[in-house]
Every structure is written in C-alpha cells, then in structure tokens.
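Peer 1: Here's a structure for you.
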Amino acid sequence: MLLPQTKEREYRFRLALRMVFPIFSLISALFFHTFITSQEVLNISFYVEISLILLFSIYFIFYLIYKGFDIKITDNISNVFTREYMYEYLKKEIKKNHEYTLVLISVDNLNEINSRYGIKNGDKVLLEIVLWMAEYLKTKDINNFPIGRIKGGDFIIGLNENKDQYKTIMELMCLKSEEFKVDEIEIQISLAINDIKFSKNIDFLVENLFELQIKNRDLKLATNIENDINPSDLEYFVINAIKNRDISIFMQDIFEDEKKAFKECSIKLNAPDGKLLHQKNYMKILDKLRLMNEYDIIVLEKIVEICRKTDNEKFVISLAPTSIRNQITFGKIKEIFYKNRFLKDRIVVLFSENEYFPKIDKFNGYLEELRDFGVLVAVDRLGSLHTSFLYLRDLNIDIVRFDSYYSKKIGENRYKNIISGFNTMAKEKGVKTWIKMIEDENTKKVAQNIGVNYLQGRYLSPLK
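Here the sequence shown stands for residues 3 to 466, numbered as in my numbering.
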C-alpha cells in the first residue's frame with residue numbers, strides 16, 4: 003500500500019474514533035447510572051441492548067466516515083463535478099434524452115500559468131474561468147447545466163438538444179474569452195462540441211471531443227467530423243484486423259535525381275464489410291488497446307514478404323517510436339532482420355513523436371542497432387513538431403522529411419526560404435532531405451532548385 007493510502011486510512015480511523023468517543027461516553031454513563039441507581043437486578047436483555055446499541059453506533063459512524071470519503075461529487079479546486087460523478091450523471095442524461103450535446107472546454111495554457119505564476123494562481127484561474135463561463139451562459143438563458151472537470155484544465159459541459167443549437171453560442175464564448183483575464187493573467191481557451199448522434203457511449207464521446215479539439219485548436223471551434231463507423235464497431239474492426247493480420251499496403255514511389263529511390267508504404271486495415279480503415283481512424287485505437295507493438299511487427303513481417311518477392315527494391319515503413327524502445331518488441335524486430343539478411347540496405351524506418359524522449363542516448367542506441375542491420379532511419383514532420391527539430395539535433399539519423407504544411411506552400415517565397423533553411427540545416431548535419439506532396443511541375447522544380455534529395459507526390463507517381 004502506498005504511503006498516501008496508509009495516511010488516508012489513519013486519518014479516517016482517527017476521525018471515526020473522535021466521533022465515536024462521545025457516543026461511547028454517553029452510553030457508558032447511561033449504563034453506569036442505571037446500574038448504580040437501580041434497586042432491582044438488571045435483566046440480561048438490558049446488557050445485550052446496551053452492547054448492541056454501542057456496536058451498531060460505532061459501525062454506523064465508521065461506515066459513514068469511510069463511505070463519505072469514497073463518494074466525492076465536487077472538485078476541490080474548481081467546485082465543479084468530479085470526473086467520476088460527471089460520467090455517471092451524463093450516462094443518465096444521455097439515456098433519458100433523445101438529443102444531448104457535450105462541449106469540451108480547455109484552458110490550453112494552464113501548464114504555462116502554473117510554471118510562470120505558480121500553482122495557486124493556476125487553481126484560481128480554473129475557478130474563475132468556470133464562474134465566467136457560467137455567467138456567460140446564463141446571459142444566453144442556459145442555466146443549471148452539468149459541468150465537470152475531466153483532467154487538468156479540461157472541462158465537460160452537458161446540454162440538452164443537439165449541437166446545432168449551441169455551436170454559435172460556444173463560438174462567441176471562445177471569442178469573448180480572448181478579453182478575459184484573471185489578475186492580468188492571459189488565458190487561452192479552445193473547445194470542441196459533439197452530440198449523441200456520434201455515439202451514446204460517454205467514453206467514445208469524450209475521446210472524440212479531445213480528438214476534434216486537437217485537429218481544430220487553431221480554429222477555436224471544433225465540430226464533429228463525419229464518420230460513418232460507430233466507435234464501438236471501429237474498435238471491433240481494429241481488433242479483428244490485427245487478430246487476422248488483415249491489412250492492405252499502398253505504395254508510392256520516391257525519387258532521387260529522377261530515379262526511383264524508395265517506395266513508401268501506407269498501411270490500411272481491412273474491415274469485415276470490405277471497407278478500408280485509414281490510419282487517422284485507427285492509430286489512436288491501437289494505442290488505446292495496447293496493440294501498437296503487435297501492429298508494427300505485422301507490418302514489418304508483411305514488408306519482409308514483399309521484399310522476398312522483389313529484386314532490390316527499397317521500402318519506407320512507419321514504426322512507432324514506442325515500439326522501437328520496447329525491449330520485447332525491439333527484440334522481435336532485430337530477430338526479423340537477423341533471419342532475413344536480404345533486407346540489408348532495403349528498409350527505411352520513418353517515425354515522428356509529439357513528446358521528446360528524454361533518455362536520448364538510450365534511444366540512439368536502439369537506432370544504431372537498426373542501422374547495423376543496414377536500416378536507414380528517417381524523422382518525419384520537420385517544421386511542424388518541435389521534437390523533429392530536437393531529434394535532428396540529437397539523434398543519429400539518415401533522412402528527415404519536411405512537414406506537408408510547407409510543401410503545399412513551397413511556391414510562396416517565405417515558405418520556400420523556410421524549406422531552404424531546413425534543407426541547409428539538415429545537410430550541415432549530414433542528413434538527406436525529403437519532401438512529399440509534389441503536385442505539379444513548378445513545385446518539383448522549386449524543390450530541386452533548393453536541393454531537396456528525395457521528392458514524392460502524385461505528380462511524380464500515383465499511389466498503388
């Protein structure tokens with residue numbers, strides 16, 4: 003048992019004893035008073051009744067103390083519902099309402115506020131933002147709505163009716179929040195909105211809200227992206243595809259100096275209804291279900307089969323950094339390369355990561371072992387993820403690929419200059435560069451003039 007749990011039990015026990023003591027004293031006083039003043043011999047039933055009253059009183063107090071701590075309705079900091087109670091409340095509301103909307107509202111810069119102004123000021127911001135939202139919604143005749151804190155600075159609001167009734171109101175609230183400050187502390191808010199047309203499962207709804215928020219944070223208001231696959235069905239499809247190793251591999255040629263250098267492999271899972279599940283739909287589910295490691299091994303083994311049937315063609319596959327750093331999974335990856343020596347110099351492993359892995363020497367060690375098997379290592383999304391810059395700086399890699407945001411706008415001078423700067427930075431470190439989404443001749447020429455090593459796009463080669 004952890005120390006906080008031990009201390010919690012001690013605290014509850016001491017509190018219960020303090021509450022029991024007055025009752026024990028009163029019953030004892032009653033017993034002795036009756037025993038001393040009574041002229042008659044007391045019946046045995048009297049002693050039994052006194053004992054039972056005492057025991058039940060003590061039990062009842064202990065029960066209330068321990069049960070009372072287990073049931074917590076409001077959050078201590080923001081005075082809104084706790085996550086557990088909010089989930090239970092929303093489940094009941096969704097069950098009894100034909101139309102119901104959930105809104106996710108997040109204080110995006112809470113970590114910065116805590117670091118810069120202190121945790122107490124961060125707690126104050128959470129309380130004040132809740133009060134401010136309540137006042138704003140009150141002006142829109144929205145009262146007595148459930149609001150709960152899910153984590154950190156993330157709050158969920160439940161509202162009757164469908165999301166179309168509230169989109170404009172929430173968008174205006176986001177705009178007005180730009181003027182809201184707590185003790186001159188700037189607060190950045192983003193939100194997402196969805197309703198039970200997506201799913202009546204509260205877990206799926208909340209997860210979808212966070213996904214929408216990430217995709218649309220810059221737009222301030224995120225609405226549901228239509229998806230014709232029910233979330234529970236999607237989970238089943240993913241599990242079924244992994245279990246049956248049922249995947250489809252699409253490939254696109256990558257060119258260096260007008261010659262084919264590699265083929266990038268794009269993986270899609272096959273659903274039982276014949277549809278293809280795209281990575282944007284299933285990658286998060288793989289992480290949630292702890293299937294990412296197994297998925298990466300399946301993909302690698304499928305590519306081995308393709309390599310065995312082709313002559314010296316080279317393939318790019320995406321592997322999760324977590325799979326590479328997992329000792330068991332990495333052991334399986336090494337075993338695959340050890341048993342299939344024909345893979346030497348034919349595989350490029352591409353990865354990207356949102357959060358920087360601090361044990362960089364350990365990560366480098368894993369990548370060096372891959373390179374010993376003739377594997378080239380590539381980092382994706384340079385220019386979009388800060389980790390890609392840090393990995394370019396700290397890891398021993400062979401290739402870096404620019405984020406598609408810049409390749410789409412390479413025709414504009416300022417973005418052309420940015421890519422040129424990225425290109426120079428990589429070349430100075432001895433790393434080759436790669437750009438995708440080449441859609442026309444002009445984009446191709448600009449990339450070639452900059453000196454990008456590898457070019458990819460529908461203009462050069464279709465997806466096969």
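Positions of the beta carbon are idealized from the N, C-alpha and C atoms, including for glycine.
The structure displayed is predicted, hence computed values, not measured ones.
Could you check where the beta strand (DSSP E) with Tyr-488 kicks off and where it finishes?
Peer 2: No answer is possible for residue 488: it lies beyond the span of the chain, which begins at 3 and ends at 466.
Peer 1: Considering only the alpha carbon of each residue, which of Asn-295, Arg-292 and Phe-339 lies closest to Arg-310?
Peer 2: The candidate whose alpha carbon is nearest that of Arg-310 is Phe-339.
Peer 1: Roughly how many angstroms lie between the CA atoms of Asp-382 and Val-402, to the nearest whole one?
Peer 2: Answer to the nearest angstrom: the Cα atoms are 6 Å apart.
Peer 1: Please list, in chain order, all residues of the same chain as Ser-179 whose beta carbon is under 7 Å from its beta carbon, the five residues on each side excluded.
Peer 2: Taken in chain order, the residues that qualify are Ile-189 and Ile-191.
Peer 1: Once the 5 residues before and after Met-294 are set aside, which same chain residues still bring their CB inside 7 Å of it?
Peer 2: Cβ neighbours of Met-294 beyond the five flanking positions: Leu-288, Ala-322, Thr-324 and Ser-325.
Peer 1: Using DSSP with H/G/I as helix, E/B as strand and the rest coil, what is Ser-320?
Peer 2: In this structure, Ser-320 counts as strand in the three-state DSSP scheme.
Peer 1: Using 8 Å as the threshold, is the C-beta distance between Thr-445 and Gly-413 below it?
Peer 2: Cβ atoms of Thr-445 and Gly-413: closer than 8 Å.
Peer 1: What does the Cβ neighbour count give for Gln-215, buried or exposed, with the cut at 16 atoms within 10 Å?
Peer 2: Per the 10 Å Cβ criterion, buried.
Peer 1: Strictly by DSSP, which residues pair up with Ile-249?
Peer 2: Ile-249 is bridged to Leu-271.
Peer 1: Tyr-340 by DSSP, collapsed to three states: which one?
Peer 2: Three-state result, Tyr-340: helix.
Peer 1: Near Gly-453, which residues of its chain fall below 7 Å by C-beta distance, leaving aside the five closest residues on each side in sequence?
Peer 2: Asn-425.
Peer 1: Which residues share a DSSP beta bridge with Asn-164?
Peer 2: For Asn-164, which the question treats as bridged, DSSP gives no partner whatsoever.
Peer 1: Using the beta-carbon count (16 or more within 10 Å), is Glu-228 buried or exposed?
Peer 2: Unreliable positioning characterises Glu-228 in this predicted model, as indicated by a pLDDT of 47, which lies under 50. The coordinate reading is nonetheless provided below. By the neighbour-count rule (16 or more Cβ atoms within 10 Å), Glu-228 is not buried but exposed.
Peer 1: Cα-Cα, which of Lys-262, Ser-250, Leu-302 and Asp-205 is closest to Leu-279?
Peer 2: Minimum Cα distance to Leu-279 is reached at Ser-250.
Peer 1: Relative to the C-alpha of Asp-347, which residue among Gly-385, Gly-376 and Tyr-393 is closest?
Peer 2: The shortest C-alpha separation from Asp-347 is found at Gly-376.
Peer 1: Return the bridge partner residues of Asp-255 from the DSSP annotation.
Peer 2: Paired residue(s): Lys-265.
Peer 1: To the nearest angstrom, how far is it from the Cα of Ser-108 to the Cα of Phe-404?
Peer 2: Going by the C-alpha atoms only, they are around 30 Å apart.
Peer 1: Quick check on this structure: which residue in Phe-212, Ala-273, Asp-275 and Lys-410 has the alpha carbon closest to the alpha carbon of Lys-286?
Peer 2: When only C-alpha atoms are compared, the closest one is Phe-212.
Peer 1: Across which residues does DSSP place Asn-196 in a beta bridge pair?
Peer 2: Looking at the DSSP assignment, Asn-196 forms a beta bridge with Leu-104.
Peer 1: Report, in whole angstroms, the separation of the C-beta atoms of Ile-79 and Asp-143, which I expect to be a contact under 8 Å.
Peer 2: Rounded, the Cβ-Cβ distance is 28 Å, inconsistent with contact.
Peer 1: Quick check: Gln-254 and Glu-266, are their CB atoms within less than 8 Å of each other?
Peer 2: Contact flag set, yes.
Peer 1: Taking Leu-112 as part of the beta strand (DSSP E), name the residues at either end of that continuous run.
Peer 2: Per DSSP, Leu-112 belongs to no beta strand (DSSP E); it is in the alpha helix (DSSP H), 112–119.
Peer 1: Enumerated in chain order, which unbroken segments of the beta strand (DSSP E) with a length of 3 residues or greater are wholly contained in the segment 413–449?
Peer 2: Qualifying beta strand (DSSP E) stretches, in chain order: 434–437.
Peer 1: What did DSSP end up calling Thr-312 once you bin it into helix, strand or coil?
Peer 2: Note: Thr-312 maps to coil in three-state DSSP.
Peer 1: Where does Ile-227 fall in DSSP's three states?
Peer 2: The pLDDT assigned to Ile-227 is 46, lower than 50, so where the model puts this residue is not dependable; a value taken from the coordinates is nonetheless given after this. Of the three classes helix, strand and coil, the one that applies to Ile-227 here is coil, per DSSP.
Peer 1: Buried or exposed: which applies to Gly-160, given that a residue is buried once 16 or more other Cβ atoms fall within 10 Å of its Cβ?
Peer 2: By the 10 Å Cβ count, Gly-160 comes out buried.
Peer 1: With a CB to CB cut of under 8 Å and the five nearest residues on each side skipped, what residues in its chain are close to Leu-384?
Peer 2: These residues qualify, in order along the chain: Ser-390, Phe-391, Leu-394, Val-402, Arg-403, Phe-404, Asp-405, Phe-424 and Ala-428.
Peer 1: According to DSSP, simplified to helix, strand and coil, what is Lys-126?
Peer 2: In this structure, Lys-126 counts as helix in the three-state DSSP scheme.
Peer 1: I'd like the ranges of any beta strand (DSSP E) spanning at least 3 consecutive residues and lying wholly in the segment 359–393.
Peer 2: The qualifying runs are 378–384.
Peer 1: Could you have a look at Val-75 and say whether DSSP puts it in helix, strand or coil?
Peer 2: A quick correction: the sequence has Ile, not Val, at residue 75. Coil.
Peer 1: To the nearest angstrom, how far is the alpha carbon of Val-351 from that of Arg-373?
Peer 2: Near 10 Å, if we compare the C-alpha coordinates of Arg-373 and Val-351.
Peer 1: Going by the beta-carbon positions, is the gap between Tyr-368 and Arg-416 smaller than 8 Å?
Peer 2: Cβ distance not < 8 Å, so Tyr-368 and Arg-416 don't count as in contact.
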